[in-house]
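Just so you know, the protein sequences line up as chains S and Y, in that order. Each residue of the first sequence is one higher than the last, beginning at 1 in this note's numbering. Each residue of the second sequence is one higher than the last, beginning at 1001 in this note's numbering. One structure below.
2 protein chains.
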Amino acid sequence: MKKILILGSSGSIGVNTLNVVRKFPDKFKVVGLTVNSRIELLEQQIKEFRPEFVVVTNESKARELKSNIGNLCDVLSGNDELLKAASERDYDILLGAIVGFAGLQPTLEAIKRGKRIALANKETLVVAGEIVNKLVLEHNAEIIPVDSEHSAIYQCLVGENLNEVEKLILTASGGPFLNKDKSLFENVTVDEALNHPNWKMGNKVSIDSATMMNKGLEVIEAHWLFGLPVKKIEVVIHPQSIIHSMVQFVDGAIKAQLGLPDMKLPIQYALTFPERLQNDFKRTDLPVINALNFFKPDFDKFECLKLAFEVIKVGGTAPCILNAANEVAVEKFINKKIKFSQISQLINKALDKVENHSDPDIETIFECDKKTREFLMDAGF
Amino acid sequence: MKKILILGSSGSIGVNTLNVVRKFPDKFKVVGLTVNSRIELLEQQIKEFRPEFVVVTNESKARELKSNIGNLCDVLSGNDELLKAASERDYDILLGAIVGFAGLQPTLEAIKRGKRIALANKETLVVAGEIVNKLVLEHNAEIIPVDSEHSAIYQCLVGENLNEVEKLILTASGGPFLNKDKSLFENVTVDEALNHPNWKMGNKVSIDSATMMNKGLEVIEAHWLFGLPVKKIEVVIHPQSIIHSMVQFVDGAIKAQLGLPDMKLPIQYALTFPERLQNDFKRTDLPVINALNFFKPDFDKFECLKLAFEVIKVGGTAPCILNAANEVAVEKFINKKIKFSQISQLINKALDKVENHSDPDIETIFECDKKTREFLMDAGF
């Protein structure tokens, strides 16, 4: 019986994690759930999964929940309690599904306790990959990726030797604008950008898929997760999202992991690895799917993807600047403050103007994140 | 430095094995080569690879070679010497690339010595799978498959647990007649049947691909090699032959191995496993290949495939009868004695008339093979 703490239980990954846990009542016990503010959904989750505690970072929402559920479980509030949940509570696996930079700190706390982290928060590795890797080694922690691409690569590497990898091939659906001309990016609406062809995801990740920054962040994540230089990481457009990613070995053999676009599978794998448990999830029927297609990505059209490759080469806090600028820009786009085409422009500006620090410690990273956000606010977009 | 004995060095697999060995002069040493009669090619191979001995089963061809090459190496002849090569000579890996039932006996000799067998001769497992598996266990031998499909599955299973396999998915190109109407099978010529769209192979295997008996034999081979019931083995048509086969696990994840249709890769893997060695073979470029397609196989059209699934369920010597009848029928078709559509008819007749023995020992299998051939000769087709 593994005890699970789910950070971000009201998001798409959190909900799917509970969809997995529900299938294996004798294998997993949810000990804690955290959300930012969606207390209606959390209340349902509390009633079904009976965690020992929950954390609602929004304090007024926390009070509201408390008055609704009475003594069903401890209701805590605020960011400090979120961190304390990760650093003090009793659990075996932390499912890190908070979106964005905010997911970094609690993940670090879990690493310092040598826990298994089922990692859906890619920003943890994007902004602080080197530090995270050192801590994982030092504290004998274990990061199992939840992103379908990284889970695919992780699965393809089982029983193989990392020194015999020639390259990683990350597949990308290409998002909703794969076949749209770049000149039309000026007038793309938020609804169009949110309308992903294959995956149902939260707003941030959906917009990141439309700009292909999502794939860029995944390239950086893969770089740190598998310890491979960026020249050994390639992106291939695969519109059907059936092959979740591939590994090419030095003998030329390619291994791929396939499945329907459903996060339940990689989540379950991250919870049960190295075991695979029988489930009744829908199976992939290749004759019905009929065709899998592949194209080279267009780096001119999807400038965010190009920028992500560039910041790995620059190193230091450049990935942190890229990530913070992207978070700000995506929020501005969702709030209709900027055009879709301005997302990459803002990131470019931040990368130009915010100072890069090489070999940063964790404080420098937090400071860099803050400075980048301030710069883009001051710049008055 | 591994010492290799190649049985069937003048065939497509034998030649490709030497193409691999040529790339790794410090890893492999060819100690022996055997052919049936193609001594011109063998002479070139002797001059390049300098084996200690060769066996030419055709005795007059052996004499001819001897007079041509003088003392370059020992030239032996006849089937007994072929068996003695496998049972007495000093080698680490036997590359078993003799086509058909004839490959069984020398493979058994290598198994009894606890050798690694890089197995391209699928008939060994088709006709005597249960016996072979017992001997492998008893003598601590090791069979690494060379067939691209089985190599793919072997690679996908590395680091995984066989108990967690839900099914094997063998891919099949569908051969030259994938899109030909069955009614036209009456008038198919030998040249048309030999003209495989993706693979360059010997005549027997090419005709087997046209009837899809090749895939049927591979299903039986997979059944014994991986110890899985036939209901866990599926065939999917994949005309491009890029995904060489797949494994679906109990959690729904599918792993696949991909590569160009080139036997050098699975041969190298069988020689170097568990290592993968860097090579300069052409790489798979998915954006250039562009599309991978999948269809359900048509068991009515490709009756040989249906028969292969049936004989596994019948068991005993039924797979041996199927195989012997197929060998006779294919030879008759190549010699223009029967029509393409009659191949499955002959096999059906043999399965009807030749007595099946359950739980056969190896003598019973040899006898059954002989009886089936005699039956089809006597029947006067």
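The beta-carbon is built from N, C-alpha and C at its ideal position, and this holds for glycine as well.
**Message:** Let me confirm a value: residue 1145 of chain Y is counted as buried when at least 16 other C-beta atoms fall within 10 Å, else exposed. Which label applies?
**Reply:** buried
**Prompt:** Relative to the alpha-carbon of residue 1097 of chain Y, which residue among Y:1016, Y:1051, Y:1137 and Y:1234 has its alpha-carbon at the smallest distance?
**Reply:** Y:1016
**Item:** Residue closest to residue 1288 of chain Y, alpha-carbon to alpha-carbon, out of S:222, S:296, S:67 and S:267
**Value:** S:296
**Message:** So with CB distances below 8 Å, who are the chain S contacts of residue 1279 of chain Y?
**Reply:** 250, 251 and 252
**Message:** Rounded to the nearest angstrom, what separates residue 308 of chain S and residue 235 of chain S at their Cα positions?
**Reply:** 12 Å
**Prompt:** Tell me which same chain residues have a C-beta within less than 6 Å of the C-beta of residue 2 of chain S, skipping the five on either side of it?
**Reply:** 28, 92 and 93
**Prompt:** Along chain Y, which residues have their Cβ under 8 Å away from the Cβ of residue 342 of chain S?
**Reply:** In chain order: nothing, as chain Y lies at least about 30 Å away.
**Asked** So is residue 1267 of chain Y in contact with chain S if we call contact Cβ pairs under 8 Å?
**Response** no
**Message:** Less than 8 Å between the C-beta atoms of residue 247 of chain S and residue 1160 of chain Y, yes or no?
**Reply:** no
**Prompt:** How would you write the range of the alpha helix (DSSP H) that residue 1106 of chain Y sits in, first residue to last?
**Reply:** 1104 to 1112
**Request:** Please list the partners that residue 259 of chain S has in chain Y, where partner means a Cβ-to-Cβ separation under 7 Å.
**Result:** 1252, 1253 and 1254
**Asked** Which chain S residues are close to residue 1284 of chain Y, counting only those with a beta carbon under 8 Å from its beta carbon?
**Response** 248, 252 and 254
**Message:** If I measure Cβ to Cβ from residue 34 of chain S and keep anything under 6 Å in the same chain, skipping five residues before and after, which residues do I get?
**Reply:** 7, 55 and 82
**Prompt:** Does the pairing of the segment 333 to 353 of chain S with the segment 308 to 322 of chain S give three or more beta-carbon distances under 8 Å?
**Reply:** yes
**Request:** Output, in chain order, the set of chain Y residues within a Cβ distance shorter than 7 Å of residue 295 of chain S.
**Result:** 1287
**Message:** Rounding to the nearest angstrom, what Cα-Cα distance links residue 254 of chain S and residue 48 of chain S in this structure?
**Reply:** 43 Å
**Prompt:** How many angstroms separate the CA atom of residue 58 of chain S from the CA atom of residue 375 of chain S?
**Reply:** 26 Å
**Request:** Starting from residue 74 of chain S, trace the beta strand (DSSP E) both ways and give me its first and last residue.
**Result:** 74 to 77
**Asked** Okay, do the segment 1220 to 1235 of chain Y and the segment 1124 to 1135 of chain Y touch, 3+ Cβ pairs below 8 Å being the bar?
**Response** yes
**Item:** Secondary structure of residue 263 of chain S, DSSP reduced to three states
**Value:** coil
**Request:** Leaving out five residues on either side along the sequence, give the residues of the same chain with a beta carbon under 7 Å from the beta carbon of residue 214 of chain S.
**Result:** 205 and 208
**Request:** Using a Cβ cut-off of 9 Å, pull out every chain S residue sitting near residue 1164 of chain Y, in sequence order please.
**Result:** 275, 276, 277 and 278
**Asked** From residue 75 of chain S to residue 18 of chain S, what does the alpha carbon distance come to, in whole angstroms?
**Response** 19 Å
**Request:** With distances taken Cα to Cα, identify the nearest neighbour of residue 1257 of chain Y among S:273, S:251, S:25 and S:261.
**Result:** S:251
**Span separating the alpha-carbon of residue 1216 of chain Y from that of residue 175 of chain S** = 40 Å
**Message:** At the 8 Å Cβ level, is residue 1218 of chain Y part of the contact set with chain S, yes or no?
**Reply:** no
**Request:** Mind listing, in chain order, the continuous beta strand (DSSP E) runs of no fewer than 3 residues lying wholly within the segment 210 to 258 of chain S?
**Result:** 233 to 237, 243 to 249 and 254 to 258
**Asked** Nearest chain S C-beta to residue 1159 of chain Y closer than 8 Å, yes or no?
**Response** yes
**Message:** Determine, for residue 1021 of chain Y, whether the minimum Cβ-Cβ distance to residues of chain S falls below 8 Å.
**Reply:** no
**Same chain only: Cβ atoms within 7 Å of residue 1023 of chain Y, ignoring 5 sequence neighbours per side** = 1279
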